[in-house]
Amino acid sequence: MSLITKPTLGHKRAKYARRTILKAIPLTGAAAVGSRTASAGTTPPETLPLPTGFQPEGIVTGRGSAFFVGSLAGGAIYRGDLRTGEGEVLVRSAEDRVAVGLSYDPRGTNLFVAGGPTGRAFVYDAETGETAADYTLTDPGSFVNDVVVTAEAAFFTDSFRSVLYRVPLGASGRLPEQGAVDELSLGGDFEAVRNEFNTNGIDAPPDGNHLIVVNSTTGMLYRVDPDSGDASEIDLGGETLTAGDGILLDGNTLYVVRNRNNAIAVVELEPGASEGEVVREITDPRFDVPTTIAEFGSALYAVNARFGVEDPENAEYTVVRVPKRSNPPT
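If you're matching positions, the sequence shown starts at 1 in UniProt numbering and goes up one per residue.
Below you can see the structure in the form of structure tokens.
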């Protein structure tokens with residue numbers, strides 16, 4: 001789901017080309033992290049700390065109040081509790097792994113992870129942290145960005161290719177062998193900008209009869225057929241959502257993180273998602289290049305990726321809680 005806006009996109013792509021796989025940070029044996037703002041019996045913390053140097057990108061909720069955040073640096077996965085703010089590293093970093101977008105399958109304990117420039121997809125047991133599957137989706141050097149799990153499959157976006165990768169799922173979310181993985185070409189109205197980040201965040205309604213994706217560079221939203229890949233532009237009345245990153249669909253309301261804008265756009269979709277209206281933006285002074293969001297109750301939780309921060313390996317990172325319906329006081 002990562003995006004650095006147009007003036008710095010080339011720098012980001014060059015950065016990945018130089019290193020191919022992001023350097024793993026020393027998160028093995030990391031100590032648990034506790035919230036600096038919460039105590040037992042109080043309201044959920046407004047700000048949740050992540051391990052120093054974690055370099056987060058994706059977030060998703062699991063069972064109960066559990067949440068998971070992935071690291072761009074070494075693919076570590078952090079598991080925490082939204083009620084207490086406490087947590088610890090579940091999956092340790094590795095030199096050949098990256099974690100970008102995340103999706104959780106509630107039918108079991110599988111946590112799906114987009115592997116960014118590795119060209120791979122990883123599936124972890126959300127309880128134990130063990131690797132359940134490791135799929136090759138494309139050649140290294142592309143950018144597998146985000147993922148959504150439906151009843152039928154896990155769908156992954158690629159920001160450098162106009163395709164979706166589909167990992168079909170069996171009964172109760174049973175994982176397939178590598179040979180079952182395929183790709184869908186994005187057709188219809190979909191347009192990509194050469195040498196830029198394109199397809200980014202992805203989500204789907206509970207019935208899974210269509211997918212919604214955002215193009216970070218053009219700011220267009222698309223409704224995509226999960227069987228054919230045919231994409232129809234969602235008419236926003238001339239509005240665009242440039243710098244669109246992670247998205248979250250809640251009924252007919254779509255939340256679109258606009259990372260460099262430090263904002264979350266709120267889009268009210270018509271039934272069927274053929275058109276919609278950007279009704280407002282959620283902002284917060286604590287936003288520092290948020291990339292993705294998860295929901296819990298009446299709140300959204302945004303990851304601060306802090307792209308461009310000095311000395312990222314030693315920087316502090318957080319997840320911030322904001323209400324869905326209105327801006328918090330400044």
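Just so it is clear, CB atoms sit at the ideal spot from N, CA and C, and this is done for glycine as well.
What you are looking at is a predicted structure, and each value in this text was computed from that prediction instead of being measured.
At what residue ranges does the region 190-240 contain a whole run of the alpha helix (DSSP H), taking only runs of 4 or more? none
So, is Gln178 buried or exposed, given that buried needs 16 or more other C-beta atoms within 10 angstroms? exposed
Neighbour-count burial assignment, Glu270, 16 or more Cβ in a 10 Å radius: exposed
Less than 8 Å between the beta carbons of Ala121 and Gly62, yes or no? no
Taking all protein chains shown into account, decide if Pro206 is buried (16 or more other Cβ within 10 angstroms of its Cβ) or exposed. exposed
Burial state of Pro49 (16 or more Cβ within 10 Å): buried
May I ask which residues mark the beginning and end of the beta strand (DSSP E) holding Val309? No beta strand (DSSP E) holds Val309; DSSP gives it neither H nor E.
Can you tell me whether Arg166 is buried or exposed, with buried defined as 16 or more other CB within 10 angstroms of its CB? buried
Report back the beta-carbon spacing between Thr131 and Tyr124 to the nearest angstrom; my notes put them in contact at under 8 Å. 6 Å
Assuming contact is defined by CB atoms lying nearer than 8 Å, are Phe54 and Tyr301 in contact in what I supplied? no
What residues are listed by DSSP as bridge partners for Asn252? Paired residues: none, contrary to the question.
What does the Cβ neighbour count give for Asp146, buried or exposed, with the cut at 16 atoms within 10 Å? buried
So Glu95 and Gly74 are supposed to be a Cβ contact under 8 Å. How far apart are they, rounded? 7 Å
First and last residue of the uninterrupted beta strand (DSSP E) at Glu95: Premise fails: Glu95 is in no beta strand (DSSP E) and is neither H nor E.
Gly179 in three-state terms, based on DSSP: helix
Could you spell out where the beta strand (DSSP E) holding Ala265 opens and where it closes? Ala263 to Leu269
Which residue from Pro44, Leu111 and Arg92 puts its Cα closest to that of Val60? Leu111
Keeping to the same chain, check which residues put their C-beta closer than 7 Å to that of Asp134; ignore five residues upstream and five downstream. Arg120 and Phe122
Is it the case that the CB of Asp125 approaches a heavy atom of the ligand HEM more closely than 7 Å? This structure does not include the ligand HEM; it has no bound ligands of any sort.
Helix, strand or coil, according to DSSP, for Gly173 in the structure here? helix
Which parts of the region 55-85 are runs of the beta strand (DSSP E), unbroken and 3 residues or longer, counting only runs that do not cross its ends? 56-61, 66-71 and 77-81
Could you check what DSSP says for Arg260 in three-state terms: helix, strand or coil? helix
With distance defined between alpha-carbon atoms, name the residue in Pro56, Glu191 and Arg161 nearest to Asn314. Pro56
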